[in-house]
Amino acid sequence: MCGIAGFFHPTLASEAYPATLLAMLRAIAHRGPDATGYVLDEHCGLGSTRLSIIDIAAGVQPLADPSGRYWLCYNGEIYNYLELRTELEGLGRSFLTHSDTEVLLQAWLHWGPACLSRFNGGFAFALYDRLQDELILARDRYGKRPLFYAPQGRGCLFASEMKAFLPFPGFRFEHDPAQLASILGVWTPLPAQTGYAGIHSLPMGHWLKLKAERIELFRYDTLDFQGTTTVASAEEAQELIRQRLRASVALRLRSDVEVGVYLSGGIDSAIVARLAQEASSRPLSTFSVEFADRQYDESTEQQEMASFLGSRHHALRITHQDIVDHFPAAAWHAEIPAFRSAFVPMYLLSRQTRAAGIKVVLSGEGADEAFLGYDIFKETLLRRDWQSLGDEPRRARLASLYPHLEHYGPQDLAAITGLYQQFAEERLPGLFSHELRFQNGRFSARLIKEAGDPLQAIAALVAAEPGYAALGAVHKAQWLEFRTLLAGYLLSTQGERMSLAHGVENRCPFLDPAVVELASSINLRFDDGFAEKWQLRQAFREDLPASIVNKRKFPYRAPDSAAFVDCRPDYLELLLSADEVAKIPFLDGKFVRALSKKIMTTPAAEISTKENQTFIFLLGIALQHRFFVQRSGLPQLPEVVSPLGRAIDLRAR
Amino acid sequence: MNDIIRDYIEQQFLIEFDESFPEDSDLFKEGVIDSFGYVQLCRFLEKEFNFRFQENEMTGNVLTSLSRIREFVRQKNSPAVTAPAP
Chain A
0 MCGIAGFFHP TLASEAYPAT LLAMLRAIAH RGPDATGYVL DEHCGLGSTR
50 LSIIDIAAGV QPLADPSGRY WLCYNGEIYN YLELRTELEG LGRSFLTHSD
100 TEVLLQAWLH WGPACLSRFN GGFAFALYDR LQDELILARD RYGKRPLFYA
150 PQGRGCLFAS EMKAFLPFPG FRFEHDPAQL ASILGVWTPL PAQTGYAGIH
200 SLPMGHWLKL KAERIELFRY DTLDFQGTTT VASAEEAQEL IRQRLRASVA
250 LRLRSDVEVG VYLSGGIDSA IVARLAQEAS SRPLSTFSVE FADRQYDEST
300 EQQEMASFLG SRHHALRITH QDIVDHFPAA AWHAEIPAFR SAFVPMYLLS
350 RQTRAAGIKV VLSGEGADEA FLGYDIFKET LLRRDWQSLG DEPRRARLAS
400 LYPHLEHYGP QDLAAITGLY QQFAEERLPG LFSHELRFQN GRFSARLIKE
450 AGDPLQAIAA LVAAEPGYAA LGAVHKAQWL EFRTLLAGYL LSTQGERMSL
500 AHGVENRCPF LDPAVVELAS SINLRFDDGF AEKWQLRQAF REDLPASIVN
550 KRKFPYRAPD SAAFVDCRPD YLELLLSADE VAKIPFLDGK FVRALSKKIM
600 TTPAAEISTK ENQTFIFLLG IALQHRFFVQ RSGLPQLPEV VSPLGRAIDL
650 RAR
Chain B
0 MNDIIRDYIE QQFLIEFDES FPEDSDLFKE GVIDSFGYVQ LCRFLEKEFN
50 FRFQENEMTG NVLTSLSRIR EFVRQKNSPA VTAPAP
């Protein structure tokens, strides 16, 4: 794992190239503390900070082809690189190293952009063609690894994290209120959004070509959920699940360093840990977040799983004070406002993981999206069939939803019935599945003055998506989950941005194209979807403790506004002082006051989910505005020095 | 009765009824109502006006705006309507 950064035809004096590029790389040194390298010519500079995992000695970047025409900086892993290498060797390509970086370069040279759909992994890269004076940027299909770019004059800046743009002379961060309203409405950024004017995220499954002031964006992957595997029975489905996950875990254990596992207490990470243990000759190291606040804690299941595996288990107990103390640093790393505080414990967990000597971990992300683990899929099925269902099945299905939410309990059945009645018909074209969720988002979007319609951007996105309109209600829900919550929060803010803050790479065996394809071939064929992930759980029934297999989905969350009300950190002034709020011109001061007052004076049990979310969003916006726009009050962070391993200057002397 | 319900909704959903947001606004269409807030509103009405919502009466559009909520509560509290048939 690494960070990459660079510029193409920059608005910069030539003599400032090396210092600027090094400053950009220094801003993301936490992603790759093992070595820094860069290459420069008259038009382009690109570099990487490297976390050494495969071919530690020879994998130094940037890497050129033997002719010196192409230069590559690459972040991530292509897990099937050995198979691709064999295939490329069979086609006459020769290799000088054993690194996956060289496989990527040769694959691009041989197949061109058609290589991208052959890659199984999480990656983002910049490839510079000196002869054509052309820069290619590309990103993996699920959005595992980030890549941001900012057009500048005739060229652009690019980096794994936007903070790398801060040291570029003259660069200014400005929030884009319309994008922020969309982020608040949807809960996460859309694939191209960042929340900042003039900075784009390269959407997952896309690549981009920059040449002579022209930026062209190309798509190479589409989520269509069209399973192609023939599956005759539930038993066969379960056998295939075991086979494909075993293969996926084995691919993701390819590493020259030890691989650990994050245990959440749920079935997905338990499956990953079990398969990792089977495939590994070393004893497994496992890591978990525990909460002092019992309503969020899953330590019983985590410890049960750890003792079942006999792993070296590391548990990190999180208090309200921990969340409050580290929220600013985590928000600095996240760069984009989030709807929950649950990314903060992951920031601390990666610190502990790294301290234990582990720099690669596996986790269970992607299982809920692929195998229909979330309540929102059941909710969609129920609302889709609402008018045609009899009272009894309707009641039974309502009762199976959101067991962690007290207001879905039997005492409020009449009220919930009334609510669902209002959401039984599609109001927002293409967004039926998420309409109830987006009600919370509309509330949060009121933070932004004159926000307009916060759902306009996502409505336009799905309207323009090829094939989307033809998907069924559940597939649309899955598409939205993959493209928003998974990529825009779970994999990014809560996932790799927090793990890479401390130089830990996170790998997700459920996000293997063969696993996602199989799930699409199986979902809702042998069960009705109301016992979530039924086939997945059945597949591993014999291999895991029954309590883990039978446990209901419990979303990973952390204490939200209550922690800040309890601990009252100094930085709450950003929300409570009218002068501070006024520094952020796009905030609706009246709404901010009303919300803050309610949060600070109302018992936590009476604060709704939407109010908690809005408060956490507001806190993130205020801190990120301070760090990136005002460039002040940066959190105190340990300095990471990534030693300079390669510096190549190709400019004419 | 009117002000109690109005005050509760304004406080619960951090809105203000005025000319630009009249009392007959559809609270669902305006994006004001979320699941937690809706259940809290129902609990509040039951407690304040001493009745219980029945599932079958919730499948109509009874609680969609402040004016409809008032109308519903008025009917619930009217003995002629709520008294069981002899």
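Chains as they are written, first to last, in numbering that gives the first Met the number 0: chain A, 0 to 652; chain B, 0 to 85.
C-beta atoms are modelled at their ideal positions from N, C-alpha and C, and glycine is treated no differently.
According to DSSP, residues forming a beta bridge with residue i
i: arginine 506(A); result: Leu361(A)
i: lysine 210(A); result: Glu133(A), Arg213(A)
i: glutamate 655(A); result: In the structure as shown, chain A begins at 0 and stops at 652. Residue 655(A) is therefore absent and cannot be evaluated.
i: glutamate 289(A); result: Arg316(A)
i: tryptophan 70(A); result: Ala63(A), Tyr127(A)
i: threonine 416(A); result: None; threonine 416(A) has no bridge partner.
i: histidine 109(A); result: According to DSSP, which records beta bridges pairwise, histidine 109(A) is partnered with nothing at all.
i: isoleucine 3(A); result: Ser47(A)
i: threonine 35(A); result: Thr48(A), Leu643(A)
i: serine 284(A); result: Arg311(A)
Interface residues of chain A facing residue i [CB-CB closer than 8 Å]
i: asparagine 74(B); result: The residue you asked about is not asparagine; residue 74(B) is glutamine in the sequence shown. The contacting residues do not exist; glutamine 74(B) stays about 15 Å from chain A at best.
Chain C within 8 Å of residue i, Cβ atoms only
i: tyrosine 37(B); result: Among the protein chains in the structure shown, which are A and B, there is no chain C.
Within chain B, the residues that residue i reaches when beta carbons sit closer than 8 Å
i: isoleucine 661(A); result: In the structure displayed, chain A extends from 0 to 652; residue 661(A) sits before or after that span and is not available.
i: glycine 417(A); result: Tyr37, Cys41, Phe52, Met57, Thr58, Val61, Leu62
i: lysine 143(A); result: Those within 8 Å of lysine 143(A) in chain B number zero; the least Cβ separation is about 31 Å.
i: lysine 609(A); result: Asp33, Phe35, Gly36
i: phenylalanine 590(A); result: Leu13
i: glutamine 635(A); result: Within chain B, no residue comes near glutamine 635(A); the closest Cβ sits about 35 Å away, beyond 8 Å.
Whether residue i touches residue j by CB criterion (8 Å)
i: valine 256(A); j: valine 359(A); result: yes
i: tryptophan 186(A); j: threonine 483(A); result: yes
i: serine 159(A); j: asparagine 74(A); result: yes
i: alanine 163(A); j: alanine 26(A); result: yes
i: cysteine 72(A); j: phenylalanine 124(A); result: yes
i: leucine 201(A); j: valine 288(A); result: no
i: glycine 741(A); j: glycine 36(A); result: Since the displayed chain A opens at 0 and closes at 652, residue 741(A) lies outside it and no answer follows.
i: cysteine 155(A); j: phenylalanine 7(A); result: yes
i: lysine 552(A); j: glycine 363(A); result: no
i: alanine 4(A); j: serine 641(A); result: no
i: alanine 513(A); j: arginine 144(A); result: no
i: histidine 319(A); j: aspartate 292(A); result: yes
i: isoleucine 266(A); j: lysine 596(A); result: no
i: isoleucine 317(A); j: phenylalanine 290(A); result: yes
i: glutamine 60(A); j: threonine 100(A); result: yes
i: serine 268(A); j: leucine 262(A); result: yes
i: valine 473(A); j: leucine 543(A); result: no
Chain-ordered neighbours of residue i on chain B, where CB pairs are closer than 7 Å
i: arginine 441(A); result: Gly30
i: histidine 406(A); result: Ser34, Phe35, Val38
i: leucine 412(A); result: Glu54
i: phenylalanine 614(A); result: Those within 7 Å of phenylalanine 614(A) in chain B number zero; the least Cβ separation is about 12 Å.
i: leucine 435(A); result: Ser34
i: glutamine 438(A); result: Gly30, Ile32, Asp33
Within chain A, partners of residue i - CB distance below 9 Å
i: serine 24(B); result: Per Cβ cutoff of 9 Å: no residues; serine 24(B) is ~14 Å from chain A at best.
i: phenylalanine 71(B); result: Here the premise fails: no neighbours, minimum Cβ distance about 10 Å.
i: phenylalanine 48(B); result: Within chain A, no residue comes near phenylalanine 48(B); the closest Cβ sits about 14 Å away, beyond 9 Å.
Partner residues on chain B for residue i, Cβ-Cβ distance less than 9 Å
i: glutamine 294(A); result: Those within 9 Å of glutamine 294(A) in chain B number zero; the least Cβ separation is about 15 Å.
i: alanine 593(A); result: Leu13
i: glutamine 455(A); result: Under the 9 Å cutoff, chain B gives no residues; its nearest Cβ is about 13 Å from glutamine 455(A).
Interface residues of chain A facing residue i [CB-CB closer than 7 Å]
i: phenylalanine 27(B); result: Gln421
i: leucine 65(B); result: By Cβ distance, chain A contributes nothing, its closest Cβ being about 15 Å from leucine 65(B), past 7 Å.
Original post:
At what residue ranges does the stretch 319-343 of chain A contain a whole run of the alpha helix (DSSP H), taking only runs of 4 or more?
Top reply: If we require 4 residues or more, the alpha helix (DSSP H) runs fully inside the stretch 319-343 of chain A come out as 319-333.
**OP:** Would you check if there are 3 or more beta carbon pairs closer than 8 Å linking the stretch 436-454 of chain A to the stretch 401-410 of chain A?
**Re:** Touching, no.
Subject >> Length-filtered (4 minimum) alpha helix (DSSP H) runs lying within the stretch 426-486 of chain A >> reply: Taken in chain order, the complete alpha helix (DSSP H) segments of 4 or more residues contained in the stretch 426-486 of chain A are 434-444, 455-463, 472-479.
**OP:** May I ask you to verify whether the stretch 614-625 of chain A touches the stretch 579-587 of chain A, counting CB pairs closer than 8 Å and requiring at least 3?
**Re:** Between the stretch 614-625 of chain A and the stretch 579-587 of chain A there are three or more inter-stretch CB-CB distances shorter than 8 Å, so the stretches are counted as touching.
**OP:** Could you say if the stretch 135-142 of chain A and the stretch 205-213 of chain A meet the contact criterion of at least three C-beta pairs nearer than 8 Å?
**Re:** Yes, the stretch 135-142 of chain A is in contact with the stretch 205-213 of chain A.
Original post:
So, do the stretch 307-321 of chain A and the stretch 517-528 of chain A have three or more beta carbon pairs nearer to each other than 8 Å?
Top reply: Judged by Cβ distances under 8 Å, the stretch 307-321 of chain A makes no contact with the stretch 517-528 of chain A, as fewer than three pairs qualify.
Subject >> Completely contained beta strand (DSSP E) runs for the stretch 557-606 of chain A, where each covers 3 or more residues >> reply: Complete beta strand (DSSP E) runs here, min 3: none at all.
**OP:** Identify every run of the alpha helix (DSSP H) within the stretch 180-258 of chain A, keeping only runs that are complete inside it and at least 4 residues long; order them along the chain.
**Re:** Whole alpha helix (DSSP H) segments, 4+ residues: 233-251.
Original post:
Are the stretch 453-464 of chain A and the stretch 181-199 of chain A touching by the rule of at least three beta carbon pairs closer than 8 Å?
Top reply: Because the criterion of three Cβ pairs below 8 Å is met, the stretch 453-464 of chain A and the stretch 181-199 of chain A touch.
Original post:
Between the stretch 273-284 of chain A and the stretch 383-395 of chain A, are three or more C-beta pairs nearer than 8 Å?
Top reply: When Cβ pairs closer than 8 Å are counted between the two stretches, the stretch 273-284 of chain A is seen not to touch the stretch 383-395 of chain A, the count staying below three.
**OP:** Could you say if the stretch 497-507 of chain A and the stretch 465-482 of chain A meet the contact criterion of at least three C-beta pairs nearer than 8 Å?
**Re:** Flag = no, the stretch 497-507 of chain A and the stretch 465-482 of chain A do not touch.
Original post:
Should the stretch 434-448 of chain A be called in touch with the stretch 57-68 of chain B, which here means at least 3 C-beta pairs below 8 Å?
Top reply: Short answer: they don't touch.
Original post:
Do the stretch 409-429 of chain A and the stretch 390-397 of chain A touch if we need at least three Cβ pairs shorter than 8 Å?
Top reply: Result yes; three or more Cβ-Cβ pairs closer than 8 Å.
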